[in-house]
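Engineer:
Number of protein chains: 2
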Amino acid sequence: MTDPANIIRISANQMKSEFFRILRKHGLTDNKAEKCAGIFMTNSLEGVYSHGVNRFHRFVSNIIDGLIKPAAEPTLINSSGALEQWNGNLGPGPLNALFATDRAMELGHEYGIGLVALADTNHWMRGGTYGWHAADKGFVFIGWTNTEANMPAWGAKDARLGNNPLVFAIPYGDKAIVLDFAMSLYSYGRMEAYKLGMKKLPFPGGYNIKGELTTDPGVILETRRTLPIGYWKGAGLSLVLDVLAAILTGGLSTHEITRRKAEYGLSQIFIAIILKSLRNYPGIEETISRIITDYSKSESADGKARIRYPGENILKIRSENERNGIPVNIGVWNKITAL
Amino acid sequence: MTDPANIIRISANQMKSEFFRILRKHGLTDNKAEKCAGIFMTNSLEGVYSHGVNRFHRFVSNIIDGLIKPAAEPTLINSSGALEQWNGNLGPGPLNALFATDRAMELGHEYGIGLVALADTNHWMRGGTYGWHAADKGFVFIGWTNTEANMPAWGAKDARLGNNPLVFAIPYGDKAIVLDFAMSLYSYGRMEAYKLGMKKLPFPGGYNIKGELTTDPGVILETRRTLPIGYWKGAGLSLVLDVLAAILTGGLSTHEITRRKAEYGLSQIFIAIILKSLRNYPGIEETISRIITDYSKSESADGKARIRYPGENILKIRSENERNGIPVNIGVWNKITAL
Numbered sequence: 200m201t202d203p204a205n206i207i208r209i210s211a212n213q214m215k216s217e218f219f220r221i222l223r224k225h226g227l228t229d230n231k232a233e234k235c236a237g238i239f240m241t242n243s244l245e246g247v248y249s250h251g252v253n254r255f256h257r258f259v260s261n262i263i264d265g266l267i268k269p270a271a272e273p274t275l276i277n278s279s280g281a282l283e284q285w286n287g288n289l290g291p292g293p294l295n296a297l298f299a300t301d302r303a304m305e306l307g308h309e310y311g312i313g314l315v316a317l318a319d320t321n322h323w324m325r326g327g328t329y330g331w332h333a334a335d336k337g338f339v340f341i342g343w344t345n346t347e348a349n350m351p352a353w354g355a356k357d358a359r360l361g362n363n364p365l366v367f368a369i370p371y372g373d374k375a376i377v378l379d380f381a382m383s384l385y386s387y388g389r390m391e392a393y394k395l396g397m398k399k400l401p402f403p404g405g406y407n408i409k410g411e412l413t414t415d416p417g418v419i420l421e422t423r424r425t426l427p428i429g430y431w432k433g434a435g436l437s438l439v440l441d442v443l444a445a446i447l448t449g450g451l452s453t454h455e456i457t458r459r460k461a462e463y464g465l466s467q468i469f470i471a472i473i474l475k476s477l478r479n480y481p482g483i484e485e486t487i488s489r490i491i492t493d494y495s496k497s498e499s500a501d502g503k504a505r506i507r508y509p510g511e512n513i514l515k516i517r518s519e520n521e522r523n524g525i526p527v528n529i530g531v532w533n534k535i536t537a538l
Numbered sequence: 200m201t202d203p204a205n206i207i208r209i210s211a212n213q214m215k216s217e218f219f220r221i222l223r224k225h226g227l228t229d230n231k232a233e234k235c236a237g238i239f240m241t242n243s244l245e246g247v248y249s250h251g252v253n254r255f256h257r258f259v260s261n262i263i264d265g266l267i268k269p270a271a272e273p274t275l276i277n278s279s280g281a282l283e284q285w286n287g288n289l290g291p292g293p294l295n296a297l298f299a300t301d302r303a304m305e306l307g308h309e310y311g312i313g314l315v316a317l318a319d320t321n322h323w324m325r326g327g328t329y330g331w332h333a334a335d336k337g338f339v340f341i342g343w344t345n346t347e348a349n350m351p352a353w354g355a356k357d358a359r360l361g362n363n364p365l366v367f368a369i370p371y372g373d374k375a376i377v378l379d380f381a382m383s384l385y386s387y388g389r390m391e392a393y394k395l396g397m398k399k400l401p402f403p404g405g406y407n408i409k410g411e412l413t414t415d416p417g418v419i420l421e422t423r424r425t426l427p428i429g430y431w432k433g434a435g436l437s438l439v440l441d442v443l444a445a446i447l448t449g450g451l452s453t454h455e456i457t458r459r460k461a462e463y464g465l466s467q468i469f470i471a472i473i474l475k476s477l478r479n480y481p482g483i484e485e486t487i488s489r490i491i492t493d494y495s496k497s498e499s500a501d502g503k504a505r506i507r508y509p510g511e512n513i514l515k516i517r518s519e520n521e522r523n524g525i526p527v528n529i530g531v532w533n534k535i536t537a538l
């Protein structure tokens, strides 16, 4: 997307209609196609192109290849009060995740906190989607997914850990604080973009063949020794999130997913906490506002950039893309419209 | 503790008895002194000296100064099913945290998952304590605390974020996987130890006066610009953990704690998930074992070090210290015995 000559702007409505048409054609019902098209469009509208428009073609290919079952519905496996175990039956990841989020919110409404553990699901695209969704309805959201192995353990050379994205979302007035981050410092997609743009990474993102940290994305793409956030800490967190995803769902763990020919059948956790049952509920927005006010008073290191909270930028990108259309690479869009 | 000439070895029993005597003298009941002495001793036995024997004198000073109320008990503020809000009434942090963990486990037993939000408490010392405690009883544990400000936001110079330790624990046979980590790459205590030992940090741990990353601990101790794990990611996680701690408890947030003369009146979250209610419970140990087996097959980068899971080393340190006594700096021990 770096060369402006290759970029067209597609309106949110047009993009969603096109996604809807294609999803209907590939076996999703009206209702499911509507929801799923909405998620892919919104991810794009909010600037997460890698898990929006740029991933749509692959999502449809996965349906065609039978990895994603368009008609599958989640089924309840076990209920233990505020905690439920569901099986995603390999349905579309975003729809399963949205369902699990809604169900966790129902449990949270009933019990104060709810947890849905979802086995045998598929890539949820952008974890932040479910955080924003829950926050919009007044819930704190904590969720994570495991992935195939794409990062070595700390002190190791071969990738046996996933980057296992972890999401936190907190309602904040008509906005939200949403943190959605993977356990590797840079994703493969990000490193590929830096390589394409002939740029170095801002910070070392992995190791070269000699085992030295490097900012050269091309070198890391070859060694595949990506760097966990916080070195040993992020590696530990990745392991723990995978173990929890596997044991709470009863589904697959990273090493089992990795043995498959493609990344499918993931394990995911969805936790929702209702705010309005809290004793201090009337003061919560004011509490957050005071924290953010203090945080925003931070003295900027470069004397210019304002210090932003996680998710703050999304609203700006969203309104830009609403005004100008969503930027899409022509080649990517042509491949989609041909589906 | 670097110079062996200054180190004595104290048996676990002797250390616990001494702690017990001093805590009784400073207003804790038999029962509370027993529990609290046990926590400080166990933290030391398991190698976390910074939050065991090396912090005991300061803990007692805080009682003397009135920051910690030895007789205070937690009180229930609000009950919302599986989620409860408690006030710690500035009681001893380790006892409040142990209580909250036990209460979260009771809620977890009843509802599958339980959350206790604890306001107005004090430093819990080592978060892993509560993780091990819960894991030992068959519960997954997730918990965190906020702290005073000791780390800048991403892109900022002045410390407005806490390092807000986050703990995950998972039962694993008669062992546990326990991850207990702060949001700054190195703690101030760790950097001071490196400085004392005239050593560089293994990785850049903060910024020099020019705003460049440095491995010189002395320089970072001066600028106080510590580095969050994963740069922007750990800074975001710190903010989110503080906001959650403050709004779920109704207690203080980092910026409010920082305005006090000393670090007290913290906000903490305790989540417990019972494993035996899960459909796949009989297979959970085997699931974890398969994950750890695969993980341990990692190819070591230096060809020597075995790849360990979080918490694995604790058992080794524990048995060494049980055999040889707990290593304590003579000066530290003399100050304690004089209490």
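First to last, the protein sequences are chains H and Z. For any residue, its number in the numbering used here is found by taking its place in the first sequence, counting from 1, and adding 199. For any residue, its number in the numbering used here is found by taking its place in the second sequence, counting from 1, and adding 199. The C-beta atom is built at its ideal place from N, Cα and C for all residues, glycine as well.
1) Residues of the region 497–511 of chain Z in Cβ contact with chain H at a cutoff of 8 Å, in chain order, please.
2) Would you decide whether Z/P509 is buried or exposed? Buried here means 16 or more other CB atoms lie within 10 Å of its CB.
3) Taking C-alpha atoms, which residue in H/F239, H/E511, H/N520 lies nearest to H/G326?
4) Please go through the region 462–523 of chain Z and give each complete alpha helix (DSSP H) segment of 4 or more residues, from N-terminal end onward.
5) Looking at chain C, which residues of the region 265–279 of chain H have a Cβ within less than 9 Å of any of its Cβ atoms?
6) Where do the N-terminal and C-terminal ends of the beta strand (DSSP E) with Z/S437 fall, by residue?
7) Quick test of your reading: H/N321 and H/P291, contact by CB under 8 Å. State the CB separation rounded to the nearest angstrom.
8) Between the region 456–467 of chain H and the region 334–341 of chain H, do three or more beta carbon pairs fall short of 8 Å?
9) State yes or no: is the C-beta of H/I419 within less than 8 Å of the C-beta of H/L384?
10) Considering only the alpha carbon of each residue, which of H/A333, H/T346, H/L477, H/G354 lies closest to Z/E498?
11) Would the region 279–297 of chain H count as touching the region 260–278 of chain Z if we require 3 or more Cβ pairs under 8 Å?
12) Express the C-alpha separation of H/K515 and Z/R603 in angstroms, rounding to a whole number.
13) What residues in the region 471–483 of chain H have a beta carbon less than 8 Å from any beta carbon of chain Z?
14) Provide the residue span of the alpha helix (DSSP H) that contains Z/D319, from first to last.
15) Closer than 8 Å by beta-carbon distance: list the chain Z residues that pair up with H/F402, in chain order.
16) Tell me which residues of the region 320–352 of chain Z have at least one Cβ-Cβ distance to chain H shorter than 8 Å, keeping chain order.
17) H/R522: buried (16+ other C-beta within 10 angstroms of its C-beta) or exposed?
18) Anything in the region 355–373 of chain H with a Cβ closer than 7 Å to a Cβ of chain Z? List those residues in chain order, please.
19) Can you grab the Cα-Cα spacing for the pair H/M200 / H/M390, in whole Å?
20) Within the continuous beta strand (DSSP E) that includes Z/F339, where are the two ends?
21) Using a Cβ-Cβ cutoff of less than 7 Å, which residues in the same chain neighbour H/G280 once the five nearest sequence positions on both sides are dropped?
22) On the three-pair Cβ rule with 8 Å, is the region 364–380 of chain H touching the region 402–419 of chain H?
23) Can you give me the C-alpha to C-alpha distance between H/G449 and Z/T486, rounded to a whole angstrom?
24) Residues in its own chain within less than 8 Å of Z/Y430 by CB, not counting five upstream and five downstream?
25) Can you name, in chain order, every residue of its own chain whose Cβ lies under 8 Å from the Cβ of Z/E462, other than the five neighbours on each side?
26) Would you mind listing the alpha helix (DSSP H) stretches within the region 383–433 of chain H that are 4+ residues and don't spill past its ends, in chain order?
27) Interface residues of chain Z around H/D493 at Cβ under 7 Å?
28) So the beta strand (DSSP E) Z/I263 belongs to, where does it begin and stop?
29) Could you check whether Z/M324 and Z/S437 sit closer than 8 Å to each other, using their CB atoms as the reference points?
30) Do Z/L244 and Z/N512 have their CB atoms nearer than 8 Å?
31) Classify Z/P416 as buried or exposed, calling it buried when 16 or more other Cβ atoms lie within 10 Å of its own Cβ.
32) Taking Cβ positions only, does H/I490 come closer than 8 Å to chain Z?
33) From this set, Z/H225, Z/T241, Z/R254, which residue's C-alpha is nearest Z/W532's C-alpha?
34) Quick one: grab the DSSP three-state call for H/A303.
35) Quick one: list the residues of chain Z neighbouring H/Y387, beta-carbon separation under 9 Å, in chain order.
36) Can you say whether Z/T536 is buried or exposed, counting buried as having 16 or more other CB atoms within 10 angstroms of its CB?
Structural biologist: Quick look at the numbers:
1) The region 497–511 of chain Z vs chain H, Cβ under 8 Å: S497, E498, S499, A500, D501, A504, I506, Y508, P509.
2) Taking the second sequence and counting its residues from 1, the one referred to as residue 509 of chain Z is at position 310. Label assigned to Z/P509: buried.
3) Here residue 326 of chain H refers to the residue found at position 127 of the first sequence. It is H/F239 whose Cα lies nearest to the Cα of H/G326.
4) Runs of the alpha helix (DSSP H) lying entirely within the region 462–523 of chain Z and spanning at least 4 residues, in chain order: 483–495, 511–523.
5) As a matter of chain content, chain C is missing from the structure shown, whose protein chains are H and Z.
6) Residue 437 of chain Z sits at position 238 when you count from the first residue of the second sequence. Z/S437 -> not in any beta strand (DSSP E); alpha helix (DSSP H) instead, spanning 431–448.
7) One-based indexing of the first sequence puts residue 321 of chain H at position 122. One-based indexing of the first sequence puts residue 291 of chain H at position 92. About 7 Å; that satisfies the 8 Å criterion.
8) Output reads no: the region 334–341 of chain H does not touch the region 456–467 of chain H.
9) The residue given as residue 419 of chain H occupies position 220 in the first sequence. The residue given as residue 384 of chain H occupies position 185 in the first sequence. It is not a contact, given that the beta carbons lie outside the stated cut-off.
10) Numbered from its first residue, the second sequence carries residue 498 of chain Z at position 299. Nearest C-alpha to Z/E498: H/G354.
11) No: the two stretches stay apart, fewer than three of their Cβ pairs being nearer than 8 Å.
12) Not covered by the structure: residue 603 of chain Z. The range shown for chain Z is 200 to 538.
13) Within the region 471–483 of chain H, the residues whose Cβ lies closer than 8 Å to any Cβ of chain Z are, in chain order, I472, I473, L474, S476, L477, R478, N479, G482, I483.
14) Position 120 of the second sequence, counted from the first residue, corresponds to residue 319 of chain Z. Note, Z/D319: premise wrong, no alpha helix (DSSP H); beta strand (DSSP E) at 312–320.
15) One-based indexing of the first sequence puts residue 402 of chain H at position 203. Result: Y430.
16) Of all residues in the region 320–352 of chain Z, V339, P351, A352 have a Cβ within less than 8 Å of some Cβ in chain H.
17) Taking the first sequence and counting its residues from 1, the one referred to as residue 522 of chain H is at position 323. It is exposed - the Cβ of H/R522 has fewer than 16 other Cβ atoms within 10 Å.
18) Correct list: A355, K356, D357, R359, F367, I369.
19) Walking along the first sequence from the start, residue 200 of chain H turns up at place 1. Walking along the first sequence from the start, residue 390 of chain H turns up at place 191. Its pLDDT being 49, under 50, H/M200 is placed unreliably by the model, and nothing is read from it.
20) Position 140 of the second sequence, counted from the start, is the residue given in the question as residue 339 of chain Z. The displayed chain sequence assigns Val, not Phe, to residue 339 of chain Z. First-last of the beta strand (DSSP E) with Z/V339: 338–344.
21) Working through the first sequence from its first residue, we reach residue 280 of chain H at position 81. Exclusion of the five residues before and after H/G280 leaves Y310 as the residues of its chain whose Cβ lies within less than 7 Å of its Cβ.
22) Result no; under three Cβ-Cβ pairs closer than 8 Å.
23) Translated into positions along the first sequence, residue 449 of chain H becomes position 250. Translated into positions along the second sequence, residue 486 of chain Z becomes position 287. In this structure, the CA atom of H/G449 is about 9 Å from the CA atom of Z/T486.
24) Against the second sequence, residue 430 of chain Z aligns to sequence position 231. These residues qualify, in order along the chain: W353.
25) For this step, residue 462 of chain Z is matched to residue 263 along the second sequence. So the list reads H322, T346, E347, I456, once near-sequence residues are dropped.
26) Positions of the alpha helix (DSSP H) runs, each at least 4 residues long and wholly inside the region 383–433 of chain H, are given as 387–395, 416–422 in order along the chain.
27) Within the first sequence, the letter at position 294 stands for residue 493 of chain H. Those are R359, H454, listed as they occur along chain Z.
28) Reading the second sequence from its first residue, position 64 is the one you call residue 263 of chain Z. Secondary structure note for Z/I263: it is in no beta strand (DSSP E), and the uninterrupted alpha helix (DSSP H) holding it is 252–263.
29) Start at 1 with the first residue of the second sequence, and residue 437 of chain Z comes out as number 238. Start at 1 with the first residue of the second sequence, and residue 324 of chain Z comes out as number 125. 8 Å or more divides the Cβ of Z/S437 from the Cβ of Z/M324.
30) For the purposes of this step, residue 244 of chain Z is taken as the residue at position 45 of the second sequence. For the purposes of this step, residue 512 of chain Z is taken as the residue at position 313 of the second sequence. No, the pair does not count as a contact, with Cβ atoms beyond the cut-off.
31) Stepping through the second sequence from its first residue, residue 416 of chain Z is reached at position 217. Result: buried.
32) Here residue 490 of chain H corresponds to residue number 291 of the first sequence, with the count starting at 1. Closer than 8 Å to the CB of H/I490 there is at least one CB belonging to chain Z.
33) Numbered from its first residue, the second sequence carries residue 532 of chain Z at position 333. Ranking Z/H225, Z/T241, Z/R254 by CA distance to the CA of Z/W532 puts Z/R254 first.
34) Numbered from its first residue, the first sequence carries residue 303 of chain H at position 104. Reduced to three states, the DSSP call for H/A303 is helix.
35) The residue given as residue 387 of chain H occupies position 188 in the first sequence. What H/Y387 touches in chain Z: nothing, since even the nearest Cβ is about 16 Å away.
36) For the purposes of this step, residue 536 of chain Z is taken as the residue at position 337 of the second sequence. Under this definition Z/T536 is an exposed residue.
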